Each structure stands twice: as C-alpha cells, then as structure tokens.
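Mapping to this note's numbering: the sequence shown position 422 is 422, numbers consecutive. Report on one structure; see the data block that follows.
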Amino acid sequence: MLDLIRNYLKNINRVRYEIICLSNIGRRKMVKVITYGTFDLFHEGHYRLLQRAKALGDYLIVGVTTENYDKARGKLGVVDSVITRIENVKKTGFADEVIIEESAGQKFNDIKKYHVDIFTVGSDWTGYFDYLNDCCKVVYLERTRNISSTMLREQRHRIMRIGIIGNGRIANRFIPEVRLVSGISVQGVYNPHSHSARQFAKKWEIDAYEDIEQFYCAVDAVYIASPHKTHYGYIIEALKHGKHVLCEKPMVLQKNQAVEAYVCAKEHGVVLFEGIKTAYCPGFQKLLGIACSGVIGNIRNVEACFTKLEHKDSRELTDLRYGGSFIELGSYVMLPILKLMGVDYERFFFDSIKGDNGLDLFTKVTLRYKTGLATATCGLGVKSEGRLLIAGTKGYIVVEAPWWKTSYFEVHYEDVGRVDKYSEVFLGEGLRYEIGEFLFRINRGVKDDFKLTRGESVALAGIMEQFLKEMRGI
Ligand code: C2G
C-alpha cells in the first residue's frame, strides 16, 4: 500500500518539479519550503497553514503522516485514511509535492534530501523543532484560533470545539494533549478572573471569554478544570446549554449532585464524563482485563497507594474545605478498588494523619466487601511506596509507581519462578486517552461507559461526601 502511494506521488511530482525547475533557470534560486501534518478532517486551520507555507517560498513540499507514525507519536483518533488526507492537501493547490512521513527523525533527512530552505509548522509546535535550525530556517506560523464549521459541513465528523473553564495547572497540561487528539480543537477559556484567563489565552493562542454566555455560544463541549467546589454549578449550567462536559476529578463531592448531573446530561442528550485519566489509559485497561481473566483466581484484596509531597503553602494543603490528600488523590486510589471489587461494599472507614490546620496529610480508607478487602492510601505530606497490589486466590498482580500511569505490571504466582510481565504505552500526560474516549462517545453516540461507569462515578462522589462529613463535618 505504502509503495503504491509512494510511486503515485513520485510520478506526478517529478513532472511538476521539472517544469518548475525549467521555468526558474536563469532566475534567482528557488526557495523550497517543507511542512508536515496529519491533515485529518481537513479544516480551515490546515488550509491557512498551507497557504502561508506556500507564500514563504516558491516550492512547497507537504509531508502527510502515515497511520503507523501517528500511532507511534501518540496522535489518537485519526479518522481519514492517508489517501484521503493526501487528496485533501492536494485539493488546496498549494502543495507542489506531497510526501509521506513515516517515522520520527525523517524531517531532518527530508530537509537534506530535498534541499529544503525553510521548514514551517503551526505555532502550537513553537520551540519543538528548533533543532532543525542547524540545517534550514525554521518558521512557526501562527495557528488558526477559531475553526469555523463552514469548511466542515459535508464531513461525517465535525471538529469538536472545546472550551476550558478554569485555567490552573491541569488546564496547562490539557491543551498540548488535546492537540494530539484528532477532531477536537481548543476554542477558548473562561475564568471569572478575566486577567488570569487572558494571560492563559495569550500563552496558548486561544480566545479568552469574559462573558460566559458568549463562551457557551462559541463551543460544543467544555472541560471543567476550576476549583472542586465550583464543578457542580458549571456542570449543570453547561449541560443546560446543551454542551458536552468533561469534568476533572473529583467531579462532584456529593452523591445526589452526581446523580442529578447524569440525569441532566441525559435530558439534554449530551455526554457527561468524569476525567480520571487512569481509567482510560490502555495499560490500566489491560491490567483490568488480566486481573479479571481468572489468572490470579478470585480477587480477594486490592491495595492502592498514591502519595505526592506538596508544599505546605500549596492550594492542596491550605484549602481548609476542599484541600487535603483524600479529596486530591482519592479518585485515583479508589478507582482500581471500585473497578475490581465493585460499588457494593459492606462497610468502610477512614483514618487520617492531620496537619496543624486540620487537613489530612495522609489518609487510609479500608473497605470490607462480601468477598474481600481493600485499602486506599493517599498522602500529600507523607511519602510512601505508590504501589497497586491485586491479590487473588491463585496469584497476585503488582504495579509499581506510577501505577496511575499504567505502563508495566507483573503477575506472580505461588511458584516464585513464574512471573508474567506485561507492558503498554502511556504517552505524555495521558490526558489524551480520556479526551479521545470523550470525543469517541460524543461522535459515535456511544452509551457504553464501561471504562468508568456512571455507577462508579456516583459511588466516588458518595465516598467523597462521606469523607467530608466524617472528617470535616461538612
Ligand atoms: N494548524 C494550525 N491551526 C489549527 C490547527 C492546525 O495552524 N487550528 C497547523 C498545525 O500547527 C500543523 C498543521 O496545521 O502545522 C497540520 O496540523 P495537524 O494535522 O494537526 O498535524 P500535527 O499533529 O500538528 O503534525 O510531523 C507532524 C507535524 O509535526 C505536525
């Protein structure tokens, strides 16, 4: 298949190239420009990039990525075939030559091979390709901020325009990850503190909205990354505006709020999705598959620990209502327990080591099920071994830290000499997996939420609520 594409491109491009070379004889040196991209669900941003790339010189070479390369570099959800993507690039009339990009490191060789003068790419990659300055000029062209739907009308999938509410640390990690999911584009940010939103928008070349109604008009979906206590209000408001919602964990801190939010999403025909990244990453999916396959027998005990030392002045250790280790990390440590042991625990209790301000620096939750036990441990002020251990009647599975970014795990048996080892990719910050799944559910109308069910999400909210009641009297 690749050979076919290569020959086809080679023939038409050779003729074009010869004509251009002949017409340039005796004139100034022809300036050759090269750019690369996936060009999936071809849109205005791609068109404008190619138009400006062409204007930088006389001859434009466009590298279109193969499916395998996109897979290897962690770009998810590519819809169009490489043939369609090449055709779409060619239709613009800007490309004098189209080549295929198959691997990392190819850019450097292409620049030498095709005697390229300028390498260009959108500004979402600023700095990333500076190393190519050694062999040609590198130009970052400003990315197109607003992708209107005019160019996309006939397409099966629209580009989903997502807006961000809240612009803290996690939102800064979210944007580069969205850019590695095909079919979704960050439109803008809303924060009642408009100065902060404007700075964030400038940094990421997106729009800042001061008016929340205008914000909702401009987006199809929202990512809620605001302080915990504001989640519920934003979720309901966004759902009522008919927007799909991806909300950071913990989604809400009361069981009835979670139930109401899911009912509201159903009523408005949109997707509500709790963003616990571990739940959607391929390694964790593989782990659950192996754990439930019977190789370790019946699961009798799950122990999950996650600690992350935070500075005493951090938001996590100073927010007296919604700070502390369990609210911050509890969603992660409870996840494998709820997935493997279920939501029907018989009883559970919390115990914490508290700091001077009363916030928990370290918390243990012990759960008793009909068929087994579980312990969730998390800490912001105590460091421990962040391990996930799943014990069964025939063997056990161990996943070392950072198990919440599952990429490797081992299955052990009574026979100490027998160890089965499994690995799986976990790319970047891993947020791309939840974003990809969110988009998949929106586009395909998928009702199946097995990676993190409504029931599990509601149970998590219930456990958070219980924790706040027992430990803080809220
Ligand atoms: N682009 C843009 N504005 C947008 C979206 C994309 O200017 N709103 C630009 C990108 O910066 C890139 C080109 O359009 O230069 C193609 O974008 P993608 O198809 O998303 O490809 P990308 O993943 O950015 O791959 O080797 C691949 C390249 O490194 C770029």
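A virtual CB, placed ideally from N, CA and C, is assigned to each residue, including glycine. In this text the structure is predicted, and so the values were computed from the model without any measurement.
Burial state of residue 25 (16 or more Cβ within 10 Å): Counting from one through the sequence shown, the residue named residue 25 turns up at place 25. With a pLDDT of 49 at residue 25, under the threshold of 50, the modelled position of that residue is not reliable, and no figure is offered here.
Quick check: is any heavy atom of the ligand C2G less than 6 Å from the C-beta of residue 39? Along the sequence shown, read from residue 1 onward, the residue named residue 39 stands at position 39. A distance criterion of 6 Å places the beta-carbon of residue 39 in contact range of the ligand C2G, judged by its closest non-hydrogen atom.
Within 7 Å, strictly: CB atoms of residue 128 and residue 101: The sequence position of residue 128 within the sequence shown is 128, counting from 1. The sequence position of residue 101 within the sequence shown is 101, counting from 1. No, the pair does not count as a contact, with Cβ atoms beyond the cut-off.
Here's the rule I'm using: 16 or more other beta-carbon atoms within 10 Å means buried, otherwise exposed. How should residue 464 be labelled? The residue you call residue 464 lines up with position 464 of the sequence shown. Burial call: buried.
Per DSSP, what kind of secondary structure is residue 171 in: helix, strand or coil? In the sequence shown, the residue the question calls residue 171 occupies position 171. Under the three-state reduction of DSSP output, residue 171 falls in the helix class.
Residue 470: which of 441, 365 and 112 sits nearest, CA to CA? Here residue 470 refers to the residue found at position 470 when the sequence shown is read from its first residue. Scanning 441, 365 and 112 for the CA closest to the CA of residue 470 turns up 365.
So, with DSSP's three-state summary, where would you put residue 231? Indexing the sequence shown from 1 puts residue 231 at position 231. Reduced to three states, the DSSP call for residue 231 is helix.
Rounding to the nearest angstrom, what Cα-Cα distance links residue 45 and residue 64 in this structure? Counted from its first residue, the sequence shown places residue 45 at position 45. Counted from its first residue, the sequence shown places residue 64 at position 64. Distance between the alpha carbons of residue 45 and residue 64: 15 Å.
Where the beta strand (DSSP E) containing residue 260 begins and where it ends: Here residue 260 is taken as the residue at index 260 of the sequence shown, counted from 1. Careful: residue 260 lies outside any beta strand (DSSP E), inside the alpha helix (DSSP H) at 255–267.
In the DSSP assignment, find the alpha helix (DSSP H) that holds residue 126 and state where it starts and stops. Here residue 126 is taken as the residue at index 126 of the sequence shown, counted from 1. Residue 126 -> no alpha helix (DSSP H), and no H or E assigned at all.
Please classify residue 43: is it buried, with 16 or more other beta-carbons within 10 angstroms of its beta-carbon, or exposed? Within the sequence shown, residue 43 is the residue found at index 43, counting from 1. When all chains shown are included, residue 43 counts as buried.
Tell me which residue opens and which closes the alpha helix (DSSP H) that residue 46 is part of. The count along the sequence shown starts at 1 and reaches residue 46 at position 46. Here the alpha helix (DSSP H) through residue 46 covers 44–55.
Closest residue to residue 360 among 467, 439, 422 and 288 (Cα-Cα distance): Numbered from 1 along the sequence shown, position 360 holds the residue referred to as residue 360. Nearest option by C-alpha distance: 467.
Using 6 Å as the cut-off, classify the Cβ of residue 124 as near or not near the heavy atoms of the ligand C2G, replying yes or no. Translated into positions along the sequence shown, residue 124 becomes position 124. For residue 124, the CB falls within less than 6 Å of some heavy atom of the ligand C2G.
DSSP three-state assignment for residue 410, whether helix, strand or coil: The residue you call residue 410 lines up with position 410 of the sequence shown. DSSP places residue 410 in strand when its eight states are reduced to three.
Per-residue burial, residue 66 [other beta carbons within 10 Å of its own, 16 or more giving buried]: Here residue 66 refers to the residue found at position 66 of the sequence shown. Taking a 10 Å sphere around the C-beta of residue 66, we find 16 or more other C-beta atoms and assign the residue as buried.
Cα-Cα, which of 120, 142, 126 and 143 is closest to residue 135? Translated into the one-based positions of the sequence shown, residue 135 becomes position 135. Nearest neighbour of residue 135 by Cα position, chosen from 120, 142, 126 and 143, turns out to be 120.
For residue 318, the residue or residues it bridges with in DSSP: Within the sequence shown, the letter at position 318 stands for residue 318. Residue 318 pairs with nothing; no bridge assigned.
Reducing DSSP to helix, strand and coil, say where residue 119 ends up. Locating residue 119 in the sequence shown gives position 119, counting from the first residue. Strand.
How about residue 360: is its C-beta nearer than 7 Å to some C-beta of chain D? This model lacks chain D altogether, as it is built from one protein chain only.
In whole angstroms, give me the CA-to-CA distance for residue 204 and residue 220. Numbered from 1 along the sequence shown, position 204 holds the residue referred to as residue 204. Numbered from 1 along the sequence shown, position 220 holds the residue referred to as residue 220. A straight line joining the alpha-carbon of residue 204 with that of residue 220 spans about 19 Å.
C-alpha distance - residue 31 paired with residue 59, whole-angstrom precision: Counted from its first residue, the sequence shown places residue 31 at position 31. Counted from its first residue, the sequence shown places residue 59 at position 59. Distance between the alpha carbons of residue 31 and residue 59: 6 Å.
Check for me: the beta strand (DSSP E) holding residue 60 runs from which residue to which? Within the sequence shown, residue 60 is the residue found at index 60, counting from 1. Its beta strand (DSSP E) spans residues 59–65.
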